[in-house]
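In this note's numbering, the protein residues as written are 683 to 953.
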């Protein structure tokens with residue numbers, strides 16, 4: 683008994699666009715200008731290749747209307763040949779007569795997540811390294827005792843930065859997401875030793891979790907449709923005011939601690 687080998691995941695990378703296709707997929711993923719589009723096989727009329735260029739031609743409902751074309755240029759000639767052959771083998775057969783659909787009506791825009799940010803561990807290590815260099819410089823150039831005193835001011839500043847960022851971002855989400863996001867009722871999923879964990883589902887069917895110490899069996903929250911894992915529970919006016927005040931306090935702590943550090947470094951470098 684013979685089996686058909688699985689189709690490998692193919693990537694066709696050109697100068698301005700990238701196409702992806704593989705076994706088990708019923709669509710071609712198209713990436714161009716920061717957008718990700720899924721083109722179902724049912725929306726493809728034909729595929730064309732010529733040397734280092736490749737084109738996906740979409741179906742049209744009207745014969746006299748030119749079809750939409752998705753091209754990839756300046757790709758590897760071998761990759762173009764392999765990609766075209768694999769896609770042609772999976773295209774559905776079409777009847778000569780019968781109703782036709784516009785391929786453009788079938789394509790799906792995939793929300794693109796936020797670009798990856800440096801991890802918190804990297805930022806912490808970088809901040810510690812910078813503060814250590816400043817402490818050593820001040821201790822050597824001015825007074826050795828500052829090598830012990832300055833870290834306390836820097837810890838004070840770090841605590842302020844954490845307060846300002848955490849509460850500031852929370853307040854921003856609490857004000858923005860109810861107006862520009864999608865509001866749902868999240869269900870209580872489970873408890874931890876610190877908080878309650880609520881579960882909600884986005885428009886694509888993805889499951890997400892939100893931590894909130896207060897609330898009942900359900901919790902009203904709003905999430906960002908472009909980044910569904912980012913959500914905010916409904917906040918009262920009092921809660922928003924308190925978040926704003928604590929964020930301002932944290933900002934003051936950060937400015938004070940960093941101000942002392944910067945001033946001491948300035949005095950030490952001045953001699």
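Glycine included, each C-beta is placed from N, C-alpha and C at the ideal position.
- Burial check for residue 888: the Cβ neighbour count within 10 Å stays below 16, so the residue is exposed.
- Between residue 701 and the set 893, 758 and 727, the nearest pair of CA atoms involves 758.
- Secondary structure within the segment 704–776: the alpha helix (DSSP H) runs of 4 or more consecutive residues, fully enclosed, are 759–772 (chain order).
- Straight-line measurement puts the Cα of residue 856 at about 11 Å from the Cα of residue 926.
- Here residue 772 really is in contact with residue 723; their C-beta atoms are around 6 Å apart, less than 8 Å.
- Apart from the 5 residues on each side of it in sequence, residue 942 sits with its Cβ closer than 6 Å to the Cβ of 835 in its chain, given in chain order.
- Each residue's CA atom was taken as its position, placing residue 710 and residue 885 some 21 Å apart.
- The straight-line gap separating the alpha-carbon atoms of residue 770 and residue 864 is approximately 40 Å.
- For residue 754, the closest C-alpha among the options 766, 744, 748 and 743 is that of 766.
- The three-state secondary structure of residue 866, taken from DSSP, is strand.
- The beta carbon of residue 921 lies closer than 6 Å to none in the same chain, with the five residues before and after it left out.
- The residues 829, in chain order, have a CB closer than 8 Å to that of residue 818 in the same chain once the five nearest residues on each side in sequence are set aside.
- In the three-state reduction of the DSSP assignment, residue 786 falls in the helix class, which pools H, G and I.
- Between the beta-carbon of residue 752 and that of residue 737 there is about 7 Å, and that keeps the pair under the 8 Å contact cut.
- With a minimum length of 3 residues, there is no unbroken run of beta strand (DSSP E) contained wholly in the segment 805–867.
- Counting the other Cβ atoms within 10 Å of the Cβ of residue 804 gives fewer than 16, which makes it exposed.
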